[in-house]
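Undergrad: This structure is in structure tokens; I'll ask about it shortly.
There are 2 protein chains.
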Amino acid sequence: MSNNNLIKGSLQTIILKLLEENEKMYGYEITQRVKELTAGEIKITEGALYPALHKLEAEGMLTTEIQQVDNRVRKYYSLTKSGKKEVSAKMSELQSFVGNLQRILDPEWKPGLA
Amino acid sequence: MSNNNLIKGSLQTIILKLLEENEKMYGYEITQRVKELTAGEIKITEGALYPALHKLEAEGMLTTEIQQVDNRVRKYYSLTKSGKKEVSAKMSELQSFVGNLQRILDPEWKPGLA
DNA sequence: AAACATACATAAGAAACTGATGTATATAAT
DNA sequence: ATTATATACATCAGTTTCTTATGTATGTTT
């Protein structure tokens, strides 16, 4: 995650959420999507991404499917049934954490406002 | 930090921000303040807090002052000049990271809205 | 020929945490 | 009286997650 060593565990949530929206993605594609969505501000490094993908697969959240495209190997990941459940869990965990963070850092903050 | 394994890197920001608002706080007080502000949802563990305080002190962000209160020792921390500068830096870093996170996880999200 | 982009992967080391343990005092509950 | 809880500090082994570097391989651009 380049400059940002900020919220531990959010990489898993990012992966799961992107796969919820896309059905099927490969590693490199994920790094590019994140870079694009954040105007280059968050760069997921390979050293962080691949181990995270392997871990999620080992935990039964993702399945893989290898495809050959232009003499290049692509490993596509998709959500399993468990993975689909995990997305909501991880998302509400993260949203609740961010809410609590706002309550600590900005006492004026109320949910639903800026 | 109890249930949250999400807080990595944000603990320093929390400490600095609370000290910006309070001039002077001791460790235990910080844990209680955070617990109170988040309705018990975030609990800062001693194993995380004290090393973080020591590190910030070693980096010149905080100074300490020991006080005796009711036969109990309290170690009060306050921001140094460097510490005061660091608060703004860490805060905008975190806010920008949270913004990017929202852009990844909720494509509908726009800053200034819910 | 060199640099950059695509695409996977591993591995050493750093950093931030968890959970346990330890010391010490004060108060509330059984 | 004794136990549990609260206050208040601290350290430490172990885990997880990250960074940075390295490696393999192909395709395209300079």
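In the order they appear, the protein sequences are chains A and B. Residue numbering for the first sequence is 1 to 114, as defined by UniProt numbering. Residue numbering for the second sequence is 1 to 114, as defined by UniProt numbering. In this text, a Cβ means the ideal position worked out from N, Cα and C, and glycines have one as well. Being a predicted model, the structure only gives us computed values, none of them experimental.
1. Could you name the residues of chain B that L37/A contacts, counting a contact when the two beta carbons are closer than 7 Å?
2. Determine the closest residue to E65/A out of E57/A, Y76/A, A58/A, with distance taken between C-alpha atoms.
3. Starting from V73/B, follow its DSSP beta bridges and name the residues at the other end.
4. Please return the same chain residues whose Cβ sits closer than 6 Å to the Cβ of E20/B, not counting the five positions on each side in sequence.
5. Within 10 Å of its beta-carbon, does N100/A have 16 or more other beta-carbons around it, so buried, or fewer, so exposed?
6. Measuring straight from C-alpha to C-alpha, what distance separates K110/B and Q102/B?
7. Could you tell me which residues DSSP pairs with L56/B in its beta bridges?
8. Which partner residues does Y28/A have in the DSSP bridge list?
9. In angstroms with no decimal places, state the Cα-to-Cα distance between E29/B and Q68/A.
10. If contacts are defined as beta-carbon pairs under 8 Å, then L53/B and G27/B qualify, I think. What distance do you get, rounded to the angstrom?
11. Under 8 Å between beta-carbons, which chain B residues line up against K17/A? List them in chain order, please.
12. Mapping DSSP to helix, strand and coil, what is T45/B?
13. List the residues of chain A that V87/B touches, going by C-beta distances under 7 Å, in chain order.
TA: If we stick to the structure as given:
1. Here residue 37/A corresponds to residue number 37 of the first sequence, with the count starting at 1. By Cβ distance, chain B contributes R103, I104.
2. Translated into the one-based positions of the first sequence, residue 65/A becomes position 65. E65/A has its Cα closest to that of Y76/A, out of E57/A, Y76/A, A58/A.
3. By 1-based counting over the second sequence, the position of residue 73/B is 73. Answer is Q68/B, bridged to V73/B.
4. Within the second sequence, the letter at position 20 stands for residue 20/B. Counting only Cβ-Cβ distances below 6 Å, and skipping sequence neighbours, we find V87.
5. On the first sequence, position 100 is the one that residue 100/A refers to. With 16 or more other Cβ atoms within 10 Å, it is buried.
6. One-based indexing of the second sequence puts residue 110/B at position 110. One-based indexing of the second sequence puts residue 102/B at position 102. Approximately 8 Å between the Cα atoms of the pair.
7. If you number the second sequence from 1, residue 56/B lands on position 56. Partner(s): none; L56/B has no beta bridge.
8. Stepping through the first sequence from its first residue, residue 28/A is reached at position 28. None; Y28/A has no bridge partner.
9. Counting from one through the second sequence, the residue named residue 29/B turns up at place 29. Counting from one through the first sequence, the residue named residue 68/A turns up at place 68. Rounded to whole angstroms, E29/B to Q68/A spans 58 Å at the Cα level.
10. Your numbering for residue 53/B matches position 53 in the second sequence. Your numbering for residue 27/B matches position 27 in the second sequence. Indeed, because the Cβ distance is near 6 Å, the residues count as touching under 8 Å.
11. Along the first sequence, one-based indexing puts residue 17/A at 17. Here the neighbours are I104, L105.
12. Numbered from its first residue, the second sequence carries residue 45/B at position 45. T45/B falls in the coil class under three-state DSSP.
13. Reading the second sequence from its first residue, position 87 is the one you call residue 87/B. What V87/B touches in chain A: nothing, since even the nearest Cβ is about 10 Å away.
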